[in-house]
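Structure first, commentary second.
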Amino acid sequence: MFLARFIQYIKYEKRYSAHTVSAYQSDLDQFMRFLNNPGGADPAPEPVITHPSQVSYHDIRNWMVELIDQKLTGRSVNRKMATLRKYFKFLLQEGIVETNPVSRVRSQKVAKTLPVVVEDTRLTKMLDSDDIFTNDFPGLRDKLVIELLFGTGIRLAELLGIKEQDISFEGGVVKVLGKRNKERIIPINNELKSLLPEYLGLKKNQNFDNNSFTLIVTNKGADAYPKLIYLIVQKYLSNISTQNKRSPHVLRHTFATTMLNNGADLNSIKELLGHANLSATQIYTHNSVERLKSIYKLAHPKA
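Residue numbers (the UniProt record's numbering): 1 to 303.
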């Protein structure tokens, strides 16, 4: 009952994305299973926790220990703790509990990692090639997906949410709906200006039954879904990258890093990415510093 109320709260009042709501639901379901079956007994015993006020700091600490024993990364553990922190903060506001047992839990130390990117010159060469993408609807759709992710730096959820009417050819921009339902306007490059009308014309000629106005659709005309975009990105990035991580977010990182390397200022990149604060954008400066170091080592005789 309380969990359902919380999910309704973040879904309709906080207006979190479907992906975020699903992640919160999964974390909380996992925590509840742990509380009522800490030893992993089979079959599970009758529930021992019937009200959130019964949950203690020690229960949360024990779950954290189990997550660490399961070899989860510090980042993943911290995300689950953040879910609990948000949940109990909601319960506190609603007067359902008197204290937040998560407030005493310390976050795990997380090693700073640089954003994973692909080489922009190789990516551009692939997109400009006539041999990579087929000329039919799936091929043109796949190319548009890569061009949009690399050309605008938008998130996966933002890509899936774009409607045909969100594109302004006259203004040369696309409107996207970001986190917390914040709209932003992003310029589109010349390649997208020519590719989008071609794609939309081919999409219309497919005569799909449902006639969806969502920009990116499946081969049958249904709205695209996250796994489809992942498969598209992985398929084409495998042509130019041997790294294990080949996700839509890698193209977002590549967009930001490329912009920074070519002289864009951080505040402009922040606005384009839809970051709430500059600290989230500053991580891309580390990639640029590493690039400068490598250039220095290759070019300077004393390096």
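Built from N, CA and C at the ideal position, the CB exists for glycine as well.
Listed in chain order, the alpha helix (DSSP H) elements of length 4 or more contained wholly in the segment 233-285 are 248-261, 266-273, 278-281.
If you draw a straight line from the Cα of PHE34 to the Cα of ALA4, it comes to about 18 angstroms. With a minimum length of 3 residues, the unbroken runs of beta strand (DSSP E) contained wholly in the segment 107-179 fall at 173-177. VAL110 sits exposed, since fewer than 16 C-beta atoms from the chains shown fall within 10 Å of its C-beta. When beta bridges are read from the DSSP output, ARG184 appears opposite VAL176. For LEU215, there is no enclosing alpha helix (DSSP H), as DSSP gives it neither H nor E. For the pair ALA276 and LYS179, the CB atoms are nearer than the 9 angstroms cut-off. Burial state of SER238 is exposed, judged by a 10 Å Cβ sphere holding fewer than 16 other Cβ atoms.
Unbroken alpha helix (DSSP H) stretches of 4 residues or longer found wholly inside the segment 8-41: 18-36, given in chain order. Taken atom to atom, the span from the alpha-carbon of TYR87 to that of LYS80 is near 11 angstroms. Within the model, the alpha-carbon separation for SER17 versus LEU298 is close to 45 angstroms. For ASP223, the secondary structure class from DSSP, reduced to helix, strand or coil, is strand.
Linking VAL174 to ASP166 through their CA atoms gives a straight-line distance of about 6 angstroms. Excluding the 5 residues flanking it on each side, THR218 has same chain C-beta neighbours closer than 7 angstroms at ALA224, LEU228, in chain order.
Nearest to ASN207 by C-alpha distance, out of ALA222, ASP29, ASN267, HIS51, is ALA222. Contact between the segment 140-147 and the segment 188-206 is present: 3 or more CB-CB pairs across the two stretches fall below 8 angstroms. Using a 10 angstroms sphere on the CB of HIS19, the tally of other CB atoms stays under 16, which defines it as exposed.
Note that the segment 60-76 does not touch the segment 239-252; fewer than 3 beta-carbon pairs, one per stretch, sit closer than 8 angstroms.
Taken atom to atom, the span from the alpha-carbon of VAL65 to that of ASP59 is near 10 angstroms. The C-alpha of HIS286 lies about 40 angstroms from the C-alpha of THR99. Cβ contact annotation for LEU278 (same chain, cutoff 8 angstroms, sequence separation greater than five): LEU266, ASN267, LYS270, in chain order. Counting of Cβ neighbours within 10 angstroms places ALA256 among the buried residues, the total reaching 16 or more. Close CB contacts of VAL117 within its chain, under the 6 angstroms cut and outside five residues either way in sequence, are with HIS253, THR254, THR257 (chain order). Between THR152 and ILE188 the beta-carbon gap is near 7 angstroms, inside 8 angstroms, which marks them as a contact.
Burial is judged here by how many other beta carbons sit within 10 angstroms of a residue's own beta carbon; PHE169 has fewer than 16 and is exposed.
The beta carbons of LEU28 and THR83 sit about 6 angstroms from each other, so the pair counts as a contact at 8 angstroms.
With respect to the 9 angstroms criterion, LEU272 and ARG184 are classified as neighbours on the basis of their beta carbons.
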